[in-house]
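Undergrad: Take a look at the following structure, please.
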Amino acid sequence: MKLFDYAKADSAEAAVREGADRDTKFIAGGTNLLDLMKLQVETPARLVDISRLPLNDIEEIEGGGVRIGALVPNSDLAADPIIRERYEVLSRALLAGASGQLRNKASTGGNLLQRTRCYYFYETAARCNKRVPGSGCDAQEGFNRILAILGTSEHCIATHPSDMAVAMRALDATIVTLGSDGERRRIPIGDFYRLPGDTPDVENVLRVGELITHVELPPAPAGRQTYRKVRDRASYAFALVSVAGIVAIEDGKISSAQLAFGGLGPMPWRDSAVENALIGRAPSDALFGEAADLLLRDAKGFGSNDFKIPLTRRTLIATLRELTA
Amino acid sequence: MTTNALRMDKPVEQSLLDSGVQGIIGKGIERIDGPLKVAGQATYSAEYDFPNLAYGFLVRATFPAGKISSIDAEGAKAMPGVVDVVVDLKTFIRNAQQGGETEAPTQGVKDVAYFGEPVAIVVAESYEIARDAAQLVAVRYEPAEGVFTFDDHVDDAIKPPPGSMPPYHSQGDLDAAMADAAFTIDNVWRTPSQNSAAMEPHASIALWDDDGLTLYGSLQMPSSDKQQLAKSLGERQSKVRIVARYIGGGFGSKLGISPDTVATAIAAKAVGRPVKTVMTRQQVFDATVRRSNTQQRFRLAADADGKLTGIGHETLCSNLPGEGYFEPAGQATQFLYGGENRIIKHDLVELNRTLSGSMRAPGEAVGLLAQENAMDELAEQIGIDPIELRRINDPAQDPQKDIPYSTRSLTRCLDAGAKAFGWEQRNRTPGAKREGDWLIGHGMAATTRTNMLQPSEAAVSIGPDGRALVETDMTDIGTGTYTILAQIAGEMLGLPIERVAVHLGDTKSPPGAGSGGSWGAGSSGSSVYLAAQALREKLAKAMGVEADDLTLKDGHAIAGNRRVAIGELVGDGITATGSIEPGKQEKETTQASYGAHFCEVKVHAVTGEVRVTRWHSTFEAGRILNQQTARSQCIGGIVFGIGTALTEEAVHDDRDGRIVNHDLVEYHVPVHADIPHMDIVFLDERDPHANPLHAKGIGELGIGGAGAAVTNAIYNATGVRVRDYPATLDKLLEGLPAV
Numbered sequence: 001m002k003l004f005d006y007a008k009a010d011s012a013e014a015a016v017r018e019g020a021d022r023d024t025k026f027i028a029g030g031t032n033l034l035d036l037m038k039l040q041v042e043t044p045a046r047l048v049d050i051s052r053l054p055l056n057d058i059e060e061i062e063g064g065g066v067r068i069g070a071l072v073p074n075s076d077l078a079a080d081p082i083i084r085e086r087y088e089v090l091s092r093a094l095l096a097g098a099s100g101q102l103r104n105k106a107s108t109g110g111n112l113l114q115r116t117r118c119y120y121f122y123e124t125a126a127r128c129n130k131r132v133p134g135s136g137c138d139a140q141e142g143f144n145r146i147l148a149i150l151g152t153s154e155h156c157i158a159t160h161p162s163d164m165a166v167a168m169r170a171l172d173a174t175i176v177t178l179g180s181d182g183e184r185r186r187i188p189i190g191d192f193y194r195l196p197g198d199t200p201d202v203e204n205v206l207r208v209g210e211l212i213t214h215v216e217l218p219p220a221p222a223g224r225q226t227y228r229k230v231r232d233r234a235s236y237a238f239a240l241v242s243v244a245g246i247v248a249i250e251d252g253k254i255s256s257a258q259l260a261f262g263g264l265g266p267m268p269w270r271d272s273a274v275e276n277a278l279i280g281r282a283p284s285d286a287l288f289g290e291a292a293d294l295l296l297r298d299a300k301g302f303g304s305n306d307f308k309i310p311l312t313r314r315t316l317i318a319t320l321r322e323l324t325a
Numbered sequence: 001m002t003t004n005a006l007r008m009d010k011p012v013e014q015s016l017l018d019s020g021v022q023g024i025i026g027k028g029i030e031r032i033d034g035p036l037k038v039a040g041q042a043t044y045s046a047e048y049d050f051p052n053l054a055y056g057f058l059v060r061a062t063f064p065a066g067k068i069s070s071i072d073a074e075g076a077k078a079m080p081g082v083v084d085v086v087v088d089l090k091t092f093i094r095n096a097q098q099g100g101e102t103e104a105p106t107q108g109v110k111d112v113a114y115f116g117e118p119v120a121i122v123v124a125e126s127y128e129i130a131r132d133a134a135q136l137v138a139v140r141y142e143p144a145e146g147v148f149t150f151d152d153h154v155d156d157a158i159k160p161p162p163g164s165m166p167p168y169h170s171q172g173d174l175d176a177a178m179a180d181a182a183f184t185i186d187n188v189w190r191t192p193s194q195n196s197a198a199m200e201p202h203a204s205i206a207l208w209d210d211d212g213l214t215l216y217g218s219l220q221m222p223s224s225d226k227q228q229l230a231k232s233l234g235e236r237q238s239k240v241r242i243v244a245r246y247i248g249g250g251f252g253s254k255l256g257i258s259p260d261t262v263a264t265a266i267a268a269k270a271v272g273r274p275v276k277t278v279m280t281r282q283q284v285f286d287a288t289v290r291r292s293n294t295q296q297r298f299r300l301a302a303d304a305d306g307k308l309t310g311i312g313h314e315t316l317c318s319n320l321p322g323e324g325y326f327e328p329a330g331q332a333t334q335f336l337y338g339g340e341n342r343i344i345k346h347d348l349v350e351l352n353r354t355l356s357g358s359m360r361a362p363g364e365a366v367g368l369l370a371q372e373n374a375m376d377e378l379a380e381q382i383g384i385d386p387i388e389l390r391r392i393n394d395p396a397q398d399p400q401k402d403i404p405y406s407t408r409s410l411t412r413c414l415d416a417g418a419k420a421f422g423w424e425q426r427n428r429t430p431g432a433k434r435e436g437d438w439l440i441g442h443g444m445a446a447t448t449r450t451n452m453l454q455p456s457e458a459a460v461s462i463g464p465d466g467r468a469l470v471e472t473d474m475t476d477i478g479t480g481t482y483t484i485l486a487q488i489a490g491e492m493l494g495l496p497i498e499r500v501a502v503h504l505g506d507t508k509s510p511p512g513a514g515s516g517g518s519w520g521a522g523s524s525g526s527s528v529y530l531a532a533q534a535l536r537e538k539l540a541k542a543m544g545v546e547a548d549d550l551t552l553k554d555g556h557a558i559a560g561n562r563r564v565a566i567g568e569l570v571g572d573g574i575t576a577t578g579s580i581e582p583g584k585q586e587k588e589t590t591q592a593s594y595g596a597h598f599c600e601v602k603v604h605a606v607t608g609e610v611r612v613t614r615w616h617s618t619f620e621a622g623r624i625l626n627q628q629t630a631r632s633q634c635i636g637g638i639v640f641g642i643g644t645a646l647t648e649e650a651v652h653d654d655r656d657g658r659i660v661n662h663d664l665v666e667y668h669v670p671v672h673a674d675i676p677h678m679d680i681v682f683l684d685e686r687d688p689h690a691n692p693l694h695a696k697g698i699g700e701l702g703i704g705g706a707g708a709a710v711t712n713a714i715y716n717a718t719g720v721r722v723r724d725y726p727a728t729l730d731k732l733l734e735g736l737p738a739v
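So the protein lines, in turn, are chains F and A.
First residue of the first sequence: 1, per our numbering; consecutive thereafter.
First residue of the second sequence: 1, per our numbering; consecutive thereafter.
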């Protein structure tokens, strides 16, 4: 760990002022950042501790949605009665993530900003374009069991590790931020993350010093919700593939479908073509197979993660069957 | 001081533990060190503090093979808080030493042999500064050609020197037996590198003073570790003391000294201050001990009745050049089943991968995967119950050595276990039992673990307060040694357990067996037994009776109509030393513990996720000294076995041999949610050939065969045979029903 300066912020406004520097990072739960700092994958010169900011509330907003403070711990969010009742997919996703201890500490905002779990990103002696732009990617020709099959570039095949963000993507969440210039932005989660392209170090659209203050969920969607996570052990493992699904049926036909995927891409993955193919049609195994083929039309394995392609196909079909049964 | 020495040349027909009346031996007494541990008062190696303590951090080579040309530490040395960067390419050890060795391990790090090899140590005022500075040390080198891939080099395998067993054994004509057999199995199994993943990382604190070196280290075998360390440093043994009072798991990875041990001692001397070094989890993976990967060809030949006529077990494993240690996968194959035509072979592929050495049940842990899967396949081919196949092939005596077993209860374990589990109600057709999306399967496997005795000494004293003290440099690595030694001394001396103190893990005490090879309880327990036996003689003398006429109970000596407090019989205190060593018994009898595992798994028909849902094991290991700690040992072993079957794999990058997933996030040991309730039963038995306790080893018994029971159950659930461990879901997908 590199020595760093440390400051506590007592308001969001103070935090963004303090944080307006490339070498400064905000810290809340620290469940990912501290590990990365120990390994010197992250080497901020300064930490601004935002854990005492009053961003701990989960409140209903006008029009029927919910506003979640960026510091709400994952455990609290998962257990919240409104979330459990109306946004079951989110509660399930949260509880499928990490371990009880980590969920108690990890914040809503921090969870969105988790870094990849790529083995080579964590090893400072390996080549990694995400960690050191331009150094290369050791993962593509190396061991890549947990890495991406969708949205990759020749520069990076990392996955985004969050479960929570996958559910939020399916729910069309909006990320609310405060910039260092005092500007508030409302960023749809679909616009929040970036594909790696030739800048895999840039993972989202946040600007220097910009702070996530809230996440807003739109009114609860119609239909059934589920979160299906497939992993290597029963708990405390990242998703090999996960599906956040919300599907409604009217008159025997699928009237709406919101599907997001974890473990497949550099961001919580969503593909409108897949949803459009389902809407207006009667549920059937053939239809679900068609949807899976659409989802995986550009999928590319890198050797040890090839199995994710058939695994995703099977998991999506089974999940859709469950949601439409 | 009185010494009571015993060499196991003859069976000890009567154990005094059976005539003791204190009634604490065998009981499921809670760990006497438990309260200290849960209260944070048990001091582990990294938890001592000393005035002027400095912090060490190992600098690694970030290349897998090459000759160091220079180490540039100027930048690191210039950092505020850095005390020094200590480089000693000659004296640093290349890798850890194997357990029980009395020589220094391979020494000298100028020629780097594996990625992550420690080549220098930064000493600083804080751990964080030392760690940061270590990143700044530039290790310059001339690259050398390395050998990294196992599969491409199996043809270059060499015959290793003998280890815990000879590498080659052959009798009869296996090829002819295979040709003549009614039923045969001939398949190849693969197991990956593994890491012990003990909760406590390797750690050392070194202090030098006029008496020499004191090294607080997380080390399983202090007496031989002391010799290894002294030789590495060129010091006299009398100048080195090792303290290892509490150890947070070892599983073999702390049998010998490791690179931190020597580097910390060198650093402390160089800077003239005590130095503490704690390995990171990544360093534990990179630079301590792995279990070797193996490739095992296993052959079985059986006649029309299922009687084995031949067994072949040919293992390839890997290690660093020149190390010689091989994973003795054929260890149990030597004696578990009959069959007159036999080949057991081990060859070694030399690779630039971190050292391989002992990890829990070296040999059996992976060898029994192949053997017990092969037996399952054979039973299916013949069309008989796999228990029946094992019963048919339960030999009357050791099939290779033609000597009797000391005691052997394999068939009893199989029968009792089958009944307890409900084996008769098992699913009999692979893939036929489905509940919703889950396919249900049942599997079983046998286990065995060779029983070993190691030379061991202990001193036991009784003070005028009527309390006893046990002293030996034996260790408790989480197994329960503290507790069972107190139970043995208490039973022998008629003392309630709270009146027995046990001091372990300090080489100032008599040299114990150390913890390894499941020999700890039998070996160090026997030395305590013998010391206590000598004290009984003294107490009898003080009472004026023969020892046989003396009863010791609740702190009193009772003879005839007299009852005297023991403290009143010892004057200023009495002490005796007990000393045990192996003898002819281990040549004249084949000694091992046995068991049978039964499990139920469910396999998700869509995704291939496997969950173990039910478990029963019946074991026989001679006298059970403590029902509770023995049960915990068996459960721990089975959990290792389940991890081996389903998740554990240290993945080497083919380009440089490094372990890619060198942390506990991506090296998957089972978590609580992976483990069902464990139903564990011990058969009551005594083995007079093993030691005066009549107890056999148990620490490594649970792991053997456990993984095979899981994969046999996976086959039963799905019809998919996985011979390439671990059985992760990607290996099952193709064989699952279409969705």
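The beta-carbon is built from N, C-alpha and C at its ideal position, and this holds for glycine as well.
Note that the coordinates shown come from a computational prediction; the quantities given were computed from them, not determined experimentally.
Evaluate F:P81 with the Cβ neighbour count: other Cβ atoms within 10 Å of its Cβ, from every protein chain shown; 16 or more gives buried, anything less gives exposed.
TA: Label assigned to F:P81: exposed.
Undergrad: Please confirm whether F:R314 has its beta-carbon closer than 9 Å to some beta-carbon of chain A.
TA: With 9 Å as the cut-off, F:R314 counts as an interface residue toward chain A.
Undergrad: For A:Q282, I'd like the list of residues in its chain whose CB is within less than 7 Å of its CB, leaving aside the five on either flank, ordered along the chain.
TA: Only H662, D663 meet the Cβ criterion.
Undergrad: Check whether the segment 74-81 of chain A and the segment 146-154 of chain A are in contact - that is, three or more C-beta pairs closer than 8 Å.
TA: They do not touch, by the three-pair rule.
Undergrad: Which residues in chain A sit within 8 Å of F:G136, going by Cβ to Cβ distance?
TA: Going along chain A, no residue has its Cβ under 8 Å from F:G136, so there is no contact; the nearest lies around 12 Å.
Undergrad: Compare the C-alpha of A:T288 against each of A:L308, A:I266, A:V262 and name the closest.
TA: Taking only the C-alpha atoms, the option nearest A:T288 is A:V262.
Undergrad: How long is the line joining the alpha carbons of A:D376 and A:E700, rounded to whole angstroms?
TA: Cα to Cα, A:D376 sits roughly 22 Å from A:E700.
Undergrad: What runs of the alpha helix (DSSP H), each 4 residues or longer, lie entirely inside the segment 200-255 of chain A?
TA: 222-233, all fully within the segment 200-255 of chain A.
Undergrad: Return the residues of the segment 216-247 of chain F that lie within a Cβ-Cβ distance of less than 9 Å from chain A, sorted by chain order.
TA: Here the close residues are R228, V230, R231, D232, R233, A234, S235, Y236, A237, F238, L240, V241.
Undergrad: Check A:I659 in the structure and name its three-state DSSP category.
TA: In the structure shown, A:I659 sits in a strand (DSSP, three-state: E or B).
Undergrad: Helix or strand or just coil, what does DSSP make of A:I714?
TA: Three-state result, A:I714: helix.
Undergrad: Using beta carbons (cut-off 9 Å, strictly below), is F:S284 in contact with chain A?
TA: Taking Cβ atoms only, chain A never reaches closer than 9 Å to F:S284, which makes this a no.
Undergrad: Since I believe A:G306 is in contact with A:I382 (beta carbons under 8 Å), could you give me their beta-carbon distance rounded to a whole number of angstroms?
TA: So it is a contact: roughly 5 Å between Cβ atoms.
Undergrad: Given that F:Q40 touches chain A, what residues does it touch there, using C-beta distances under 7 Å?
TA: The answer, in chain order, is Q135.
Undergrad: Count the other CB atoms, across all protein chains shown, that sit within 10 Å of the CB of A:A738; report buried if there are 16 or more and exposed otherwise.
TA: A:A738 comes out exposed.
Undergrad: CB-CB under 7 Å to A:K553, same chain, minus the five flanking residues each way: which ones, in chain order?
TA: Once the five neighbours on either side are set aside, the close Cβ partners of A:K553 are V21, Q22, G494.
Undergrad: Using the Cβ count rule (16 or more neighbours within 10 Å means buried), how would you classify A:H746?
TA: It is not possible to answer for residue 746 of chain A, since the shown part of chain A is limited to 1 through 739.
Undergrad: Buried or exposed: A:G116, going by 16 or more other Cβ atoms within 10 Å of its Cβ?
TA: A:G116 comes out buried.
Undergrad: Taking 9 Å as the threshold (beta carbon to beta carbon), is F:Y120 in contact with chain A?
TA: Output row for F:Y120: interface = yes.
Undergrad: Just to confirm, does A:G324 get its C-beta within under 8 Å of one of the non-hydrogen atoms of the ligand MG?
TA: With respect to small molecules bound, the structure shown includes none, and the ligand MG cannot be examined in it.
Undergrad: Check the Cβ of F:L3 against every Cβ in chain A and list those closer than 8 Å, keeping chain order.
TA: Within 8 Å Cβ-Cβ: E128, I129, D132.
Undergrad: Here's the rule: buried if 16 or more other CB atoms are within 10 angstroms of the residue's CB, otherwise exposed. What is A:N52?
TA: Label assigned to A:N52: exposed.
Undergrad: Quick one: grab the DSSP three-state call for A:P143.
TA: Strand, per DSSP.
Undergrad: Residues of the segment 620-648 of chain A with a CB closer than 8 Å to any CB of chain F: list them in chain order, please.
TA: Answer in chain order: L646, T647.
Undergrad: Give every residue of the same chain whose Cβ lies closer than 8 Å to the Cβ of F:E13, excluding the five residues on either side of it in the sequence, and list them in chain order.
TA: Within the same chain, F:E13 has close Cβ partners L178, G182.
Undergrad: Given a cut-off of 9 Å on the beta-carbon distance, is the pair A:G252 and A:T629 in contact?
TA: Result no, Cβ atoms of A:G252 and A:T629 do not sit closer than 9 Å.
Undergrad: With DSSP as the reference, label A:I440 as helix, strand or coil.
TA: Strand at A:I440.
Undergrad: Going by C-alpha to C-alpha distance, which of A:D415, A:Y168, A:A559, A:E101 sits closest to A:V681?
TA: For the residues A:D415, A:Y168, A:A559, A:E101, the minimum Cα distance to A:V681 belongs to A:D415.
Undergrad: For A:A230, collect the residues of the same chain with a Cβ closer than 6 Å to its Cβ; drop the 5 residues on either side in sequence, then sort them by chain order.
TA: So the qualifying residues of the chain are Q237, V240.
Undergrad: CB A:L369 to CB A:A645, shorter than 9 Å?
TA: Closer than 9 Å, so yes.
Undergrad: At which residues does the beta strand (DSSP E) containing A:I580 begin and terminate?
TA: A:I580 -> beta strand (DSSP E) spans 574-582.
Undergrad: Kindly indicate which residue of F:K105, F:A277, F:A125 has the alpha-carbon position closest to the one of F:Q40.
TA: Selected option, being the one with the closest Cα: F:A125.
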